[in-house]
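K.L.:
Dropping a structure here in structure tokens format, bear with me for questions.
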Amino acid sequence: MAKWGQGDPRWIVEEREDGTNVNNWHWMERDATSWSKGKFQELLVGIVVENDAGRGEISKLKQVEGEASCSSRKGKLIFFYEWYIKLGWKGIVKESGVKHKGLIEIPNLSEENEVDDTEVNVSKKKGDGDILKDLMKTAGTAKVRQALGDYLKALKTGKEGIPLNQRGPLFCVPFKLHCTGLGNPVLPRQPY
Numbered sequence: 001m002a003k004w005g006q007g008d009p010r011w012i013v014e015e016r017e018d019g020t021n022v023n024n025w026h027w028m029e030r031d032a033t034s035w036s037k038g039k040f041q042e043l044l045v046g047i048v049v050e051n052d053a054g055r056g057e058i059s060k061l062k063q064v065e066g067e068a069s070c071s072s073r074k075g076k077l078i079f080f081y082e083w084y085i086k087l088g089w090k091g092i093v094k095e096s097g098v099k100h101k102g103l104i105e106i107p108n109l110s111e112e113n114e115v116d117d118t119e120v121n122v123s124k125k126k127g128d129g130d131i132l133k134d135l136m137k138t139a140g141t142a143k144v145r146q147a148l149g150d151y152l153k154a155l156k157t158g159k160e161g162i163p164l165n166q167r168g169p170l171f172c173v174p175f176k177l178h179c180t181g182l183g184n185p186v187l188p189r190q191p192y
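In structure tokens form, the structure reads like this:
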């Protein structure tokens, strides 16, 4: 280890006047909670499932509780998210024309579980219409999980307007190494 003041000026842990976190070396955390809530609204509300018996649609994002953040340390990206989501759905039985309403609950969307293992509970308000509940439970659950997968992809690629911090955009995207021709990989320069 070098003595103070004798270090290589290229060291990425050196103090910089411009405050840049070169190559995401130091711990940084960016809040993606409000972005995530908007993304859930965009991806989940409006999902439609239909078969010969009826048609169901997610009509409302009733409740979203939780948080999401993207952190980086020593160039590694770490994503934390934990959500409780409640959606309202409505549907119509084609044969009788009777309308029904219900709820979809996602009690724990988090980094601890795969999207395909995420619990999705479907319930219906009083009355007949179990055929619609079954439609929402099968086809609706599959489409909800697909939308949640799209959310996670957008969160982890950072390409869809995740919020800015004071010193520039959120760099929560893996870097691609470029070769100098001498076999030495070099990280691309970040814009300031």
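Numbering (full-length UniProt numbering), first residue to last: 1 to 192. For glycine and all other residues, C-beta sits at the position ideal for the given N, C-alpha and C. Source: prediction; values computed, not measured.
1. How should residue 47 be labelled, buried or exposed, when 16 other C-beta atoms within 10 angstroms of its C-beta is the threshold for buried?
2. Using 10 angstroms around the beta-carbon of residue 78, count the other beta-carbons present and answer buried if the total reaches 16, otherwise exposed.
3. If I'm right that residue 135 touches residue 51 with Cβ under 8 Å, what's the distance once you round it to whole angstroms?
4. Give the DSSP bridge partners of residue 106, in chain order.
5. For the segment 26-34 against the segment 65-82, are there 3 or more C-beta pairs whose distance is under 8 Å?
6. Taking a contact to mean a Cβ-Cβ separation below 9 Å, would you say residue 104 touches residue 148 in this structure?
7. Using CA atoms only, rank isn't needed, just tell me which of 113, 53 and 62 is closest to residue 40.
P.N.:
In short:
1. buried
2. exposed
3. 6 Å
4. 85
5. yes
6. no
7. 62
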